[in-house]
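Notes for the one structure printed next.
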Amino acid sequence: QRKTVVYRLKNAPAPDVSNAVNRFLSTERQVQMAAPGAFNAFQQIESEVVVVPEPVSNALIISATPRFFEEISQLV
Numbered sequence: 003q004r005k006t007v008v009y010r011l012k013n014a015p016a017p018d019v020s021n022a023v024n025r026f027l028s029t030e031r032q033v034q035m036a037a038p039g040a041f042n043a044f045q046q047i048e049s050e051v052v053v054v055p056e057p058v059s060n061a062l063i064i065s066a067t068p069r070f071f072e073e074i075s076q077l078v
């Protein structure tokens, strides 16, 4: 199950916010991978988050599992 939501931004450009969130997620993933055996394949797939900027409407399209969606929403 994945939840997909479009966030319309008012105070920052969507590409900038998208880059910041994606950098955060990339760094978080590197930390998780540093601990061998901490995540199995299912957990890795479950933790995948998609953040896509839509510059024309200054929006972010975010797709994540419910478990991780709240954390990403707070970041945005």
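Every letter in the sequence shown is one number past the one before it in the numbering used here, and letter 53, counting from 1, is 55. Ideal placement from N, C-alpha and C gives every residue a C-beta, glycine not left out.
- Cβ contact annotation for residue 20 (same chain, cutoff 8 Å, sequence separation greater than five): 53, 54, 55 and 62, in chain order.
- By the 16-neighbour rule on beta-carbons within 10 angstroms, residue 8 is exposed.
- Residue 16 and residue 57 do touch by the CB rule: their CB atoms are close to 6 Å apart, below 8 Å.
- In its chain, beyond the 5 residues on either side, 10 have a beta carbon closer than 7 Å to the beta carbon of residue 59.
- Between residue 12 and residue 66 the beta-carbon gap is near 22 Å, outside 8 Å, which marks them as no contact.
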